[in-house]
Amino acid sequence: MIKAIYGSAKDFYDIIQGVSNVTDSITLYFTEEEVMSRYLTEDKTLMVLLKISKEYMEEYIIEKPLGIKIQLNELKKVLNKAKSKSAVINIEETDAGMKITVRDEKTGLKSSIYLKGEKITNIENVVEPKVGLTISFTCSGNIIKNVVDEASSISEQIQIEGDDNQIIFSTEESGRGYKAYLVMDKPLKGLEIQSSGKSTYGVEVLKTALKASAFSENLTVRFGNNIPMKIEAPVQSGGQLIFWIAPRLS
Numbered sequence: 000m001i002k003a004i005y006g007s008a009k010d011f012y013d014i015i016q017g018v019s020n021v022t023d024s025i026t027l028y029f030t031e032e033e034v035m036s037r038y039l040t041e042d043k044t045l046m047v048l049l050k051i052s053k054e055y056m057e058e059y060i061i062e063k064p065l066g067i068k069i070q071l072n073e074l075k076k077v078l079n080k081a082k083s084k085s086a087v088i089n090i091e092e093t094d095a096g097m098k099i100t101v102r103d104e105k106t107g108l109k110s111s112i113y114l115k116g117e118k119i120t121n122i123e124n125v126v127e128p129k130v131g132l133t134i135s136f137t138c139s140g141n142i143i144k145n146v147v148d149e150a151s152s153i154s155e156q157i158q159i160e161g162d163d164n165q166i167i168f169s170t171e172e173s174g175r176g177y178k179a180y181l182v183m184d185k186p187l188k189g190l191e192i193q194s195s196g197k198s199t200y201g202v203e204v205l206k207t208a209l210k211a212s213a214f215s216e217n218l219t220v221r222f223g224n225n226i227p228m229k230i231e232a233p234v235q236s237g238g239q240l241i242f243w244i245a246p247r248l249s
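Residue numbers (numbering that gives the first Met the number 0): 0 to 249.
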């Protein structure tokens, strides 16, 4: 038996919509501590993690850990109706998969859908890359998207560097170059550099992650010297999507 009530159906929709930019189906794992999911692209350049801790749930009951594989398009059909900020989502296990109910706390209106899903009892042990993320910054996702979009007109890859209290995005190809300097308050909302470093990433995979995280007002980006980048995209009601992006090594 599984029952999980999350206080914002809209935030849940935003997270699911974000994941659907990367894959058509996911396995939602209900563990003792959280609802989570993991997806790794075939080329292994992008890993997406969905995490909602049980502390953010209004109610969370599981008899034993379980995974349920579902098609996101079906789930989005009912979540697409969850535009009201007063709507909550109720997830319950069924014999064939799960039942999703969206209820508006103000109007009392309810919408439900039964989703067929493969049940998985062997819970995946998700291990994130253990790398030295010595640089982190927080910024509006729209600003990062604009920088990456501008760089994409020059090259298919971009170097990101943290040094001297600033973040530098740069690229160069065929005699053309582009640089963007981001410093605290212009426009960064947070910046920490334990030690300087730089890494190069593919523009297209960055675009994919930024599109998938567009629901989040501010993103926290962590990286280091020639290592994977971590992007954290939280929602207001608790929970987040995490993106790991592989570097391009020359």
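All residues carry an ideal CB built from backbone N, CA and C; glycine is no exception.
These numbers were taken from a predicted model, which means no experiment stands behind them.
Stretch-stretch touch, CB-based, cutoff 8 Å, three pairs: the region 165 to 172 with the region 105 to 118: Pairwise C-beta distances place the region 165 to 172 out of contact with the region 105 to 118, as fewer than three of them are shorter than 8 Å.
Rounded separation between R247 and A150 - CA only: In the sequence shown, residue 247 corresponds to position 248, counting from 1. In the sequence shown, residue 150 corresponds to position 151, counting from 1. For the pair R247 and A150, the Cα-to-Cα distance works out to about 16 Å.
Beta-carbon proximity of I244 to T44, cut-off 8 Å: Position 245 of the sequence shown holds residue 244. Position 45 of the sequence shown holds residue 44. A Cβ-Cβ contact shorter than 8 Å links I244 with T44.
Beta bridge counterpart(s) of T199 as assigned by DSSP: To locate residue 199, count along the sequence shown from 1; it is residue 200. Partner(s): Q158.
Q250 versus A208, N225, G201, residue with shortest Cα-Cα distance: Lying outside 0 to 249, the shown extent of the chain, residue 250 is not represented and no answer is given.
Given 8 Å, three or more beta-carbon pairs between the region 114 to 125 and the region 67 to 76: Yes, the region 114 to 125 touches the region 67 to 76.
Neighbour-count burial assignment, R221, 16 or more Cβ in a 10 Å radius: For the purposes of this step, residue 221 is taken as residue 222 along the sequence shown, with counting starting at 1. Counting the other CB atoms within 10 Å of its CB gives R221 a total of 16 or more, which places it among the buried residues.
DSSP-derived helix/strand/coil call for G189: The residue you call residue 189 lines up with position 190 of the sequence shown. In this structure, G189 counts as strand in the three-state DSSP scheme.
Residues near M183 by beta carbon distance below 6 Å, same chain, minus five either side: Residue 183 sits at position 184 when you count from the first residue of the sequence shown. Residues L190 of the same chain have their beta carbon placed closer than 6 Å to that of M183, with the five preceding and five following residues left out of the count.
Spatial distance of F11 from K98 (CA atoms): By 1-based counting over the sequence shown, the position of residue 11 is 12. By 1-based counting over the sequence shown, the position of residue 98 is 99. Looking at the two C-alpha atoms, the distance is approximately 15 Å.
Span of the beta strand (DSSP E), counted from its first residue to its last, around E91: Translated into positions along the sequence shown, residue 91 becomes position 92. Unbroken beta strand (DSSP E) run through E91: 86 to 92.
Residue of L78, Y113, A95 minimising C-alpha distance to V101: Along the sequence shown, one-based indexing puts residue 101 at 102. If we check each option's Cα against that of V101, L78 comes out closest.
Helix, strand or coil at V34 according to DSSP, with G and I counted as helix: Taking the sequence shown and counting its residues from 1, one reaches residue 34 at position 35. Per DSSP, reduced to three states, the secondary structure at V34 is strand.
Three-state secondary structure assigned by DSSP to L114: Reading the sequence shown from its first residue, position 115 is the one you call residue 114. It is a strand residue.
Candidates S52, D163, K53, S36, of which the one nearest V21 by Cα: Start at 1 with the first residue of the sequence shown, and residue 21 comes out as number 22. Of the candidates S52, D163, K53, S36, the one whose C-alpha sits nearest the C-alpha of V21 is S36.
Simplified DSSP state of G140, which is helix, strand or coil: Numbered from 1 along the sequence shown, position 141 holds the residue referred to as residue 140. Here G140 sits in helix by DSSP.
For L114, the nearest candidate out of L187, G96, V125 (CA to CA): The sequence position of residue 114 within the sequence shown is 115, counting from 1. The candidate whose alpha carbon is nearest that of L114 is G96.
Residue range of the alpha helix (DSSP H) that includes L74: What you label residue 74 is simply residue 75 of the sequence shown in a count that begins at 1. Counting along the chain, the alpha helix (DSSP H) containing L74 begins and ends at 71 to 78.
Short Cβ contact (8 Å threshold) for I90 with M0: The residue you call residue 90 lines up with position 91 of the sequence shown. The residue you call residue 0 lines up with position 1 of the sequence shown. In this structure, I90 sits away from M0, with a CB-CB distance that is not shorter than 8 Å.
Cutoff 6 Å; reference S236; Cβ partners in own chain excluding five residues on either side: As a working note, residue 236 is residue 237 in the sequence shown. So the list reads G6, S7, D10, once near-sequence residues are dropped.
Rounded C-alpha distance that separates S198 from R175: As a working mapping, residue 198 is identified with position 199 in the sequence shown. As a working mapping, residue 175 is identified with position 176 in the sequence shown. Cα-Cα distance, rounded: 20 Å.
Bounding residues of the alpha helix (DSSP H) (the contiguous stretch that carries Y55): Taking the first residue of the sequence shown as 1, we reach residue 55 at position 56. Here Y55 belongs to no alpha helix (DSSP H), and DSSP marks it neither H nor E.
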